[in-house]
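These notes are about the structure you will find just below.
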Amino acid sequence: MNRRVYLAAVGSTVSAGLAGCSAVTSPFRNDDPCDGQSCTIGMNRNAFLPDEYEASVGETVVWKNTSEAIHTVTAREASLPEGADYFATGGFEDEQTAIDAWHESQGGKLETRETFEHTFEVPGTYTYICEPHVGAGMTGKIIVSE
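In this note's numbering, the protein residues as written are 87 to 232.
As structure tokens, this is what we get:
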């Protein structure tokens with residue numbers, strides 16, 4: 087085999103193999119993808135970072151898709167404290183509508199680098215999921231106190 091052809095083939099294979107590696111979180115980097123950015127909670131391939139966040143009443147939490155995957159933020163309706171507003175990317179009024187919209191047309195998707203925000207007005211514990219990745223354990227919790 088011609089040496090140049092061989093080197094070109096090896097170089098192309100290595101380049102293609104490494105092409106997606108920049109999206110993978112390095113074990114040597116800070117695990118907070120929002121550190122120094124305009125968000126409260128980031129997202130990697132299958133997790134909210136952090137997966138639990140403490141907020142105060144009146145605080146606006148900002149989620150940012152810091153990965154290359156499409157995500158959602160979908161509140162678990164049964165976890166909402168009495169009197170709390172429902173929240174989900176796409177502005178859906180309830181959990182079932184948000185889930186159905188995702189499965190029908192990727193409704194409520196949060197593309198790479200897009201943000202979603204919600205202001206928490208009622209104290210309590212709120213749980214939420216990423217609908218396309220809930221099977222992989224992508225869940226989160228917000229604990230809101232007075």
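By construction, the Cβ of each residue, glycine as well, lies at the ideal position given by its N, Cα and C atoms. A quick note: this is a predicted structure, and the numbers were derived from the prediction, not measured.
Q | Candidates A184, E200, T201 and R199, of which the one nearest G193 by Cα | A | A184
Q) What do you reckon, are the CB atoms on Y212 and V230 nearer than 8 Å? A) yes
Q: Please state if the CB of G210 and the CB of F134 are separated by a distance shorter than 8 Å.
A: no
Q) Quick one: is P167 buried, meaning 16 or more other Cβ sit within 10 Å of its Cβ, or exposed? A) exposed
Q. Where do the ends of the beta strand (DSSP E) carrying H204 lie?
A. T201 to T205
Q: Could you check the C-alpha separation between E232 and V143 for me, to the nearest Å?
A: 5 Å
Q. What separation, rounded to the nearest whole angstrom, lies between the Cα atoms of A109 and K195?
A. At A109, the pLDDT of 37 sits below 50, so the modelled position is not reliable; the number obtained from the coordinates is stated separately. Their backbone Cα atoms lie some 19 Å apart in a straight line.
Q) If you run the structure through DSSP and keep just helix, strand and coil, what is I215? A) strand
Q | Own chain residues within Cβ distance below 6 Å of G128, not counting five before or after | A | P119, C120, L135, K150 and T152
**Q.** Where the alpha helix (DSSP H) containing S124 begins and where it ends
**A.** Neither: S124 is in no alpha helix (DSSP H) and is coded neither H nor E.
Q | Residue range of the unbroken beta strand (DSSP E) whose run includes I229 | A | T225 to S231
Q. Taking the alpha helix (DSSP H) that S191 falls in, what are its first and last residues?
A. E181 to S191
Q: Could you name the residues of the same chain whose beta carbon sits closer than 6 Å to that of V208, not counting the 5 residues immediately before and after it, in chain order?
A: P167, G169 and A170
Q) Going by DSSP, what residues sit across from F134 in a beta bridge? A) M129
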